[in-house]
Amino acid sequence: MLMRIGGKDVGGIDETWIEVTNPATGEFIDRVPAGTKEDVTRAVEAAEEAFDAWAKKPMRERGMILYVAARKVRDQYKDLARLLTLEQGKPIKESTDEVRGFANILEFYAGISAHQDGEAIQLGTAGDCIVVRQPLGICGAIIPWNMPVLIMGWKTGPALLAGNTMVLKPASSTPLTNMRLGQILEEGGLPPGVLNIVTGSGVSAGTAIVKNPAIRKLSFTGDCETGSKIRELAGASLKDITLELGGSDPMIVMPDADIDKAVEGALRARFYNAGQTCTAVKRLYVHEKIAPVFIRKLQERIEALTVGNGLGSRIDIGPMNSAEQREKISRRIEETRDNKEGTILSGGHTLKGTVYEKGYFYRPTLVTNVIPGSALVTDEIFGPVLPVMTIPDLDTAIREANNTRFGLGASVWTKDLSTTKRVFNEVKAGIIWVNRHLSVPPEVPFGGVNDSGMGRENGQHALDSYSQTKTLYLGW
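The sequence shown: position 261 = 262 (the numbering used here), numbered continuously.
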C-alpha cells in the first residue's frame with residue numbers, strides 16, 4: 002500500500018519499504034513505503050496548497066464532509082474491522098467497536114459544526130470587540146499502534162473541522178487501516194491535500210514531522226520517553242503540542258461496591274486489547290474486607306478467558322502487537338518470580354507448544370501479594386498483567402493511587418458520594434470514573450497530568466485546541 006499525499010497514492014522517494022505482518026501468525030500482510038524527511042516535505046507542500054480553500058469553507062460544509070465519510074465508514078465496517086484485526090491483532094469484536102467509534106467521532110464533530118459562535122464584547126465608550134476562532138494552519142499527527150483507528154479519529158476530527166490541513170503518520174506496524182480511512186475521507190468529499198498520510202518510522206518520518214517549521218500544531222500519542230523528546234524538538238519551532246502519553250491507572254474497590262460489577266469492570270478494563278491501552282487498569286486496589294471474595298471471582302473469570310487469533314469466533318484476547326511487546330511482558334513476569342515481588346495466581350506464560358506459538362500471545366496474568374516498589378506498579382505494564390493489592394482504608398488507597406509519575410485516569414467503585422468526592426478531589430488524574438473504567442465517548446475531554454501528557458483530546462476542548470482566537474477591536 003502506498004502513501005497518500007495530495008490526493009494521490011505515491012511511493013517513498015528512497016524506494017525502501019516496511020513490511021506489515023499479522024501478529025497472530027507472523028505472516029506477511031502488505032508493505033508500505035519507509036517515508037523520509039523528503040516525503041514529509043512533499044506532504045507539507047500539499048497541505049500548504051490545500052489550506053486556503055479548505056479554511057475558507059464554512060464550518061458546516063466541512064462538517065458535512067466528515068458526516069458523509071462517517072456514513073461510508075459504517076457501510077464498510079466489516080472490511081475495515083477485519084483489516085484492523087489482521088494488522089493489530091485484537092479480536093474482531095473490538096476492531097468492530099473501534100471502527101464504529103471512528104465513525105462516531107466524525108459524526109460528533111459534524112454535529113457541533115453548526116453551533117460554533119464567535120464572541121462580542123461591549124466596552125462602552127471604549128468601543129466593541131468581536132472575537133472569532135481561526136484555524137492554526139498545517140497540523141501534524143503521530144498515531145500509535147494500540148488503538149490506531151480511534152486515535153486517528155481523535156486527531157483528524159477536530160483538526161479538519163477547525164479548518165486545518167494535516168500530515169499524519171501511522172505506526173509502522175499498523176498503517177493499513179489508517180491508510181484506508183484516509184481514502185474514505187477523500188471519497189466522502191475531503192479535498193486532495195487536506196489530509197496527507199506518510200508512512201515510515203518514528204526516527205525518520207516522525208522526527209521530520211516534529212521538526213518541520215511549517216507544521217504549527219502537533220498531536221502525539223505514545224510513550225512518555227518519546228513524548229519528552231518530541232516536546233523538546235517541537236519547542237524549537239514554537240509548535241503548539243498535545244501529548245497523550247503513558248498511564249498507570251489505579252482502580253480502587255471499596256467494601257460497599259457491587260463486587261460482581263467491579264470484577265467485570267476490572268476484567269474488561271485490564272484485558273481489553275490484550276492490556277495494550279493507555280487507560281487500562283494497571284493497578285488494582287481492593288479493600289481488605291472484600292479482597293478474598295473479589296480475588297477468587299476475578300481469578301475464575303481470568304482463567305475462563307479465551308486467547309486466540311482475533312479473527313476467530315468467541316475470542317476474548319488476541320495476540321500482543323509485536324514480539325518486542327511480548328518480550329517486555331515476559332521479562333517483567335520472570336523478574337517478578339525471580340525477585341519474589343508477587344504471587345502469580347494465573348497466567349504468566351506464552352502459548353508456546355500450542356497452535357498459536359507462532360503468534361505474539363501471552364496468557365492473561367493475575368498477580369497478588371505485590372511488594373511495595375515492584376516494577377509491576379511503578380512502571381507502565383503495557384500488556385495483559387494485572388497486579389492486585391489489598392488496602393485497609395480510603396486514605397491508603399488515595400496515597401497509593403498517587404504514588405506514581407503518571408496521571409492519566411483512575412476509577413473508584415463505591416456507592417458512597419463522600420468517597421467519590423474524595424477520590425475526585427485528591428487523586429491526580431485527567432479523568433476519574435465512578436463504577437466504570439476505560440469509556441471515553443467523543444464528547445468527553447481526555448488527557449493526563451504529570452508525565453501522562455499535556456493538552457486534551459475530544460469534545461469542544463479539542464476543537465478549540467486546533468484553532469486560535471482573533472480579535473476585531475472597533476474603536477467607535
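By construction, the Cβ of each residue, glycine as well, lies at the ideal position given by its N, Cα and C atoms.
Among the residues of its own chain, which have a CB less than 8 Å from the CB of residue i, if the five just before and after it don't count?
i	result
residue 312	25, 83, 86, 87, 93
residue 128	474, 475, 476, 477
residue 466	159, 218, 241, 243, 456, 457
residue 73	185, 188, 189
residue 427	399, 403
residue 300	346, 347, 367
residue 464	110, 113, 117, 159, 162, 163
residue 17	34, 35
Give me the Cα-Cα distance between residue i and residue j, rounded to the nearest whole angstrom.
i	j	result
residue 470	residue 79	41 Å
residue 154	residue 57	22 Å
residue 436	residue 174	34 Å
residue 412	residue 445	16 Å
residue 31	residue 59	39 Å
residue 399	residue 235	35 Å
residue 8	residue 96	26 Å
residue 194	residue 63	14 Å
residue 201	residue 19	7 Å
residue 387	residue 15	44 Å
residue 326	residue 65	40 Å
residue 27	residue 21	9 Å
residue 440	residue 429	18 Å
residue 131	residue 425	37 Å
residue 459	residue 250	19 Å
residue 330	residue 320	12 Å
residue 521	residue 338	The structure shown has nothing for residue 521, since the chain only spans 2 to 477.
residue 91	residue 6	29 Å
residue 51	residue 228	29 Å
residue 266	residue 215	44 Å
residue 233	residue 206	17 Å
residue 420	residue 282	19 Å
residue 134	residue 140	16 Å
Are there 16 or more other CB atoms within 10 angstroms of the CB of residue i, so buried, or fewer, so exposed?
i	result
residue 305	exposed
residue 120	exposed
residue 373	exposed
residue 199	buried
residue 389	buried
residue 37	buried
residue 332	exposed
residue 307	exposed
residue 468	buried
residue 164	buried
residue 317	buried
residue 230	exposed
residue 340	exposed
residue 39	exposed
residue 170	buried
residue 479	Given a span of 2 to 477 for the chain in the structure shown, any question on residue 479 remains unanswerable.
residue 371	buried
residue 336	exposed
residue 276	buried
residue 309	buried
residue 136	buried
Enumerate in chain order the residues of its own chain whose CB-to-CB distance from residue i is below 6 Å, with the five nearest sequence positions on each side excluded.
i	result
residue 454	244, 245, 246, 448
residue 220	142, 156, 243
residue 222	145, 152, 245
residue 408	429, 430, 449, 450, 451, 453
residue 334	349
Under the DSSP definition of a beta bridge, which residues are partnered with residue i?
i	result
residue 347	367
residue 142	169, 220
residue 286	253, 390
residue 9	6
residue 471	133
residue 454	245
residue 33	19
residue 410	432
What residues in its chain sit with their C-beta under 7 Å from that of residue i, if we drop five residues either side in the sequence?
i	result
residue 432	410, 447
residue 105	443
residue 393	289
residue 302	264, 268
residue 11	3, 4
residue 55	164, 166, 192, 195
residue 257	415, 416, 417
residue 323	24, 174, 361
residue 315	307
Could you tell me whether the Cβ of residue i comes closer than 8 Å to any Cβ of chain D?
i	result
residue 207	The structure shown contains no chain D; it holds only a single protein chain.
(request) Tell me, please, whether the region 342-360 touches the region 102-121 by the rule of three or more beta-carbon pairs shorter than 8 Å. (result) Result no; under three Cβ-Cβ pairs closer than 8 Å.
(request) Spell out a yes or no on whether the region 204-218 and the region 41-58 are touching, meaning 3 or more CB-CB pairs, one atom from each, closer than 8 Å. (result) As far as the Cβ criterion goes, the region 204-218 touches the region 41-58, which means the pair count is three or higher.
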